[in-house]
Amino acid sequence: MGNLNLKINGDHHPVDAPDHWTLLEVLRYRLDLTGSKQGCDKGDCGACTVLVDGKPELACLLLAGASEGREITTIEGLMPAHRAAGGTGADPVQDAFDRAGALQCGFCQPGMMLSTRALLNEEERPSRERIREALSGNLCRCTGYTQIIQAVELAIHETCGEPVEHPAWAPDQAPWGDAVSTVPGRKGTGSSDTTQGEQA
Amino acid sequence: MAARDQHGPGAPWPEEGAPELAATNRSSAEGFRAVGQSMRKLEGLDKATGAAVYADDIKLPGMLHAKTLRSPHCHARIVRIDASKALALSGVHAVITGADLPTKYGVIPWTQDEHALALDKVRFIGDEVAAVAAIDEDTANAALKLIEVEYELLGAWLDPAESRQNQLTDERPAIHEGHKHGNISKRVELEFGDVEAAFEAADVVLENDFYFHSSTHAAIEPHCAVARESADGLLTLWSSTQITHYVQREVSRVLGVPQSRLRVIQPNLGGAFGGKSDPFSLEFVVCKLAQLTGRPVKMLWTREEVFYAHRGRHAMNMRYKSGVTKDGKLTGVSADILIDGGSYSSFGLVTTYYSGQLLTGPYDFPAYRFDSTRVFTNKPPCGPKRGHGSVQPRFAFEVQLDELSEAIGMDPIDLRRVNDVGEHTETVNGQRVTSNGFAACLDAVEEQSAWKERRGKLPAGHGLGVAGSMYISGTNYPIYPNDMPQAGIQLKVDRSGLVTAFTGGNDIGQGSSSVVRTVICEELGVDSADVRVVAADTDLCPVDLGAYSSRVTFMVGNATIDACRNLRKLICRGVAEEWGIDPSRVFLGRGEVFDTENRGNPKRNITTRRAFEIAEARCDTLGSTGSYNTPKLGGDYRGGSIGASPAYSFTAHVVEVLVDERTGMITVPNVWVAHDCGRALNPMLVAGQMEGSAYMGIVEALFEDHKVNRFGLHAGPSLLDYPLATSVDCPDLHALIVESIDPEGPYGAKEAGEGPLHPALPALSNAIFDAVGIRLRKLPFTPGKVLAALDEKRAREAASAEEAPSC
Ligand code: FES
Ligand code: FES
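This is how it looks when you write it as C-alpha cells:
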C-alpha cells in the first residue's frame, strides 16, 4: 500500500512517494505516465498540464498529496476514454492536432491538447479569441500557434460542423487528410468540407 | 552509385497514365502522387497520445540520477576541489571533476576549448565543475552542497569592446589563457571589389550603428541524457541532441572509447533550434558515470541550467555603410561587426564567417567588405540559433535599405526588386546561386498585405514594413574535412510490403523523417502506412551529419531518392525476369506494377507487394543504400567555401504593426511570410516551419533578451523572466509558399526551417517607422526605447519648427 491514493484516468493508484513530490513527479517517475511533460518545473510553461476534475492544472505546482480524491486526466487517458465511448482512433482533438500540423516537436502538446479538451468540454463552439485565451497558459516554441489554432478549429468543425478557414498556404482547398478517429453516433466525422473565410 | 547524382526536379513517372488525384497544387499537377501532399507526420499520433518517448521518459533498471555542480563565479581559477564529503553521503555512487575527463572538445575541430567539467578554470556563472551520481535527484542535489571548491577570483570580461582591446593583466588574464589572440576568438576580414569607389559612385551613402541583442532557443524540452555501459564495455547514450554523429565523435574521443563501441541514439526531441547542436557536458558526464558505477545514469537539466548552457544568438554591434544611386541600385556595402561570443568557441568560427558571407544575396552589389571580430566574454557561450550568424547582419542591412529607399524616394519593395540578384548567377563573394524565387516572394507579400493600398497611408500608429533575405540549404563544408557522403540512407524491403528506411538524419520536430517517407512513397508507389523510418541511431543508421544549417531536406531527401532508385532497379529487374521482358518496360509506382507495353494483360498488372515478393525470390534479400554529397562550391579564397551552399532559399516578409504612442507598446496583428522553398514536399510541414520562424523572429525582437548583470549573473534564467509569446501575444501568421523548383534539390526542394526567420526583425523595425516615424536600430524594441525615440523625434521636430521662421 502506498502513502497516496490517486485516481488517474479512471483507475485507482496507490503510490509511495516522498511528501514533497508534485503530481508531475508521481505521474512521470512513479507511474510511468510520461506523456505529461516537464518543461520548467515551476509553473511557467504549461507542458505539465493535466485535467483535475475536468479543469486544466499545472501538475508541477500541485503536490501529489493535494490531488488525492480528485479525478485526474492525463494525455494517456484521452484515447482510452474515447475508445470506451465506442470511438475509433484517438480523441478527435488528438487527431485534429496531428492532421493540422500542430505537433512539431510535440513536447508542449500534451498540455496543449488537454487545455483544448477542457475548453471544448465546456464550450462547443468557442471563438478564436476564446481559443487563444484558453491556450495562453501553454507555451509552444515551435509553431507560432497558428497551426495549433487551426487544429482546434478543425476539431470544432468536425464535432459540430462549424466552418473552418483554410490556411494561407492552401487558400483554395482544405489541405488536411482524413481523420482516423470516429465518434459513435456522429456521422461525417472526418469529412473535410470546409468553407473558405466564412467564419462568423 | 556516384554520390553527387542529379535526380532532376521531376516526378519519377509523370508520363505514365493520368494521375488518379485531382491536381490540388503544382506538384500534383506535375504528376506527383505523394510529393506536395500535406501528409500527417510519421510520429504525429504517438506524440498526440503521449506515447512518444523523449529522453527524460527513459527509465532503465537500476538507473542512477546525476546532477552538476556549477560555478558561482564568472571568471576564476579552481584552486582545490574536495568531494570526499559528497562521496561519503549515503546513496551517492560517484563524484567526478574535470580531472576525470581532461580531454578538450568542441564541435569545430580547430577550436576545441571546452571541458566536460572545468579543469582549472571557470569562465561563466553556470560553468560545469563537478557531477554526482546518486540513487535519486534529491540525494544528488544534497551531495552537490557537500563538494568543496576553492576559487581564486579573476577580473571579469563582460564588455565585448574591452575584450577586443585585449588589455590582459595578471588580475584579469585572457579567458582562454594560451589562446594565441587573447580574448579574440576569431577575426575575418574580406573585401570584394572596390568599396571606396562604390561609395564615390553612389548618390546617397548612409552609415549607421546597429545593435542586435542576444536571445536563446528556449526549446520547451530541457536537455537530458541517459547512458548505460554493458559488462563488455559497449556504451549506449540516449541524448536530446540534434547532431548524433558529432556527439558520437566527441564523446568517443574524450572518453577514449572507439566510435564502434559507442552507440548514440536520439529519442524524440522536444525542440532544438540550434540549441542542441553542440556536444554538451551532460553527455560526457553520464557516460563517464555509467562507466564508473556500472549502472545506467540519467541527467536532466533544470530550466535554469538550460539558460546557462545557452549557445544562443550572439549579440552583435554592427556598423553598416551602404551606397545607392538615384535609381535605387546598390553600389557597395561595408560592415564592421563586433560579436559577443560568450565564454567558449562553440561554432564561433563559422558564426564569424557567416556574419559577413551570407549577406550577399538576395541583392546584387558589386562591392562589399566586412570585418567581423568575435570575442570571448565571461558569459554563457553563444552558438547557432535558427539563422546562425546571419539574422543579426540581415536586421541591420534591411533596415538600412529601408532608409536608403526613403532617402531616394523609392518604394522599399521596388528598391528590393531593382537589386534582386536573380537566378543562375554568382554573388559578389563567389557563391553560386541557382534557383531564386525572391521576386515572387516580394510579389506575394505585396499583394497579400495590400501594400500598395495601405503602406504610408494608414493612420498614425499603424504601419507596414518589408524586408527580404537569403539563406543556405546546407553547407558544402562538412564540419570536419572528409570525402565521405554528408548524408547516407539505407532501405530494407521485404515480402510484407513494408519499406523501412534507416537514416542518420535527426528529426527534431521539423519532420525530416516524414520527408523521407514522402520520398519513398513517391518513388516506390507505396502507401504512407507501409513506410517506417528508423532515425538517428548510430548503431542502426548510416551516417548523416545532423540537423543543422538547414541541410536535412536537401541532403537526406536527395540520398533517399538515390536509395529508392537503386532499389527500384532491383525490383524492376526481378519482375522483368519473371515476365521475360526488358526492365525498362516495368512501371512501378502509385501502388501498381505493370508492363508498359502490355497494360491489358492482367497477369502483368500486380501490386507493389507482389512485386517485392517476386524480387525477393529472384534477387535475394532486398535492400539498397543511397547517399548525397555536395558538389565543390565556393569562392577561391580562404574561407570561400564557408557559406557556400548547393542551393539558397529566399524570403520576404511584410509585418503589420500597431504602436501605442502613449505607452510605447507594440502589437503585431499580422505577418505575411513568403518563402521560396524550391518545392514544398509537404506544404503543411513547410508552412509550420515558416510560421514558427516568423514567430520566433518577432518575439525575439519584442520580448526576449538573454543578458547577464554586472557580475555576469544571468538576468533571469526562467521562462517567466525570459518571456516567450503566448497564443494571445502571437500575430496571425500567413505562410505564402513560393516554389522556384531548384535544379539540384530533391524534386526541386530547398530549406524552409531557418530562412523564413530573417526578415521578421527588420520588417518589424521598418513597419514601426511607417507607423510612427522612428527608426529603431537597436534591439530589443522595448516600450521604453519606443518612447525615448518618440521623444527624440518630437524634440527634433520642435527644434526644426523653431528654426523655420528665422530662416
Ligand atoms: S513544467 Fe509545469 S509549467 Fe512548466
Ligand atoms: S510543438 Fe514543439 S513546443 Fe510546441
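As they're listed, the protein sequences go chains V and X.
Converting from the first sequence to our numbering requires adding 2 to each position, the first position being numbered 1.
Going by our numbering, -7 is the number at position 3 of the second sequence; the sequence numbering is gapless.
For glycine and all other residues, C-beta sits at the position ideal for the given N, C-alpha and C.
- In this structure, ligand 1 has a non-hydrogen atom nearer than 7 Å to the beta-carbon of V/A49.
- Burial of X/D117 is indicated by the presence of at least 16 other C-beta atoms within 10 angstroms of its C-beta.
- Secondary structure of X/R594 (DSSP, three-state): helix.
- A distance below 8 Å separates the beta carbons of X/M674 and X/S28.
- Along the segment 553 to 607 of chain X, the beta strand (DSSP E) occurs as fully enclosed runs of 3 or more residues at 576 to 579, 582 to 585, 595 to 597, listed in sequence order.
- X/S336 places its beta carbon 8 Å or farther from that of X/I462.
- Between ligand 1 and the CB of V/Q40, the shortest heavy atom gap is smaller than 7 Å.
- Excluding five sequence positions before and after X/L224, the CB atoms of its chain that fall closer than 6 Å to its own CB belong to R251, given in chain order.
- Residues of the segment 675 to 701 of chain X with a Cβ closer than 7 Å to any Cβ of chain V, in chain order: L675, A677, G678, E681, G682, A684, Y685.
- In the three-state DSSP reduction, X/M53 falls in the coil class, being neither helix nor strand.
- Look at V/Q106: its beta carbon is less than 7 Å from one of the heavy atoms in ligand 2.
- Taking 8 Å as the Cβ-Cβ cut-off, the segment 121 to 150 of chain V approaches chain X at I133, R134, E135, L137, S138, G139, N140, L141, C142, R143, C144, T145, G146, Y147, T148, Q149, I150, given in chain order.
- Proximity of V/C50 to chain X, defined by a Cβ-Cβ separation below 8 Å, is not satisfied.
- In the three-state scheme derived from DSSP, where H, G and I count as helix and E and B as strand, X/T550 is classed as helix.
- Pairing X/I71 with X/A121 gives a Cβ-Cβ distance that is not under 8 Å.
- Between V/A136 and V/S117, the C-beta gap is smaller than 8 Å, which places the two residues in contact.
- Sequence-ordered contacts of the segment 703 to 718 of chain X with chain V read S708, L709, L710, L714, T716, S717, V718 [C-beta pairs closer than 7 Å].
- Neighbours of X/P673 across chain V, judged by C-beta separation under 8 Å: W171, A172, P177.
- At a cut-off of 8 Å between beta carbons, X/C667 makes no contact with chain V.
- Neighbours of X/C720 in chain V, taken as residues whose beta carbon is under 7 Å from its own, are G146, Y147 in chain order.
- According to the DSSP assignment, X/R67 belongs to the beta strand (DSSP E) that extends over 66 to 72.
- Counted as a single uninterrupted DSSP element, the stretch harbouring V/R101 is not any beta strand (DSSP E) but the alpha helix (DSSP H) occupying residues 94 to 101.
- DSSP lists X/L227, X/V287 as the bridge partner or partners of X/A217.
- Nearest neighbour of X/G168 by Cα position, chosen from X/D149, X/D103, X/E582, turns out to be X/D103.
- Interface annotation, V/R85: not in contact with chain X, CB-CB separation never under 8 Å.
- Per the C-alpha coordinates, the member of X/R384, X/G629, X/A106, X/K775 positioned closest to X/Q421 is X/G629.
- DSSP places X/G682 inside the alpha helix (DSSP H), whose first and last residues are 673 to 692.
- By the beta-carbon neighbour count (other beta carbons within 10 angstroms, threshold 16), X/Y298 is buried.
- Proximity of X/E211 to chain V, defined by a Cβ-Cβ separation below 8 Å, is satisfied.
- The C-beta separation of X/G515 from X/G581 comes to about 5 Å, placing the pair in contact by the 8 Å criterion.
- DSSP places X/T87 in the strand class (E or B) of the three-state scheme.
- Residues of chain V whose Cβ lies closer than 8 Å to the Cβ of X/D47 are, in chain order, R30, T36.
- According to DSSP, residue pairing for X/A305 in a beta bridge involves X/D330.
- Shortest Cα-Cα distance from V/E78 to any of X/A76, X/G570, X/A123, X/G40 involves X/G40.
- Distance from the CA atom of V/T75 to the CA atom of V/P112, rounded to whole angstroms, is 11 Å.
- In this structure, the beta-carbon distance from X/G682 to X/A146 does not fall below 8 Å.
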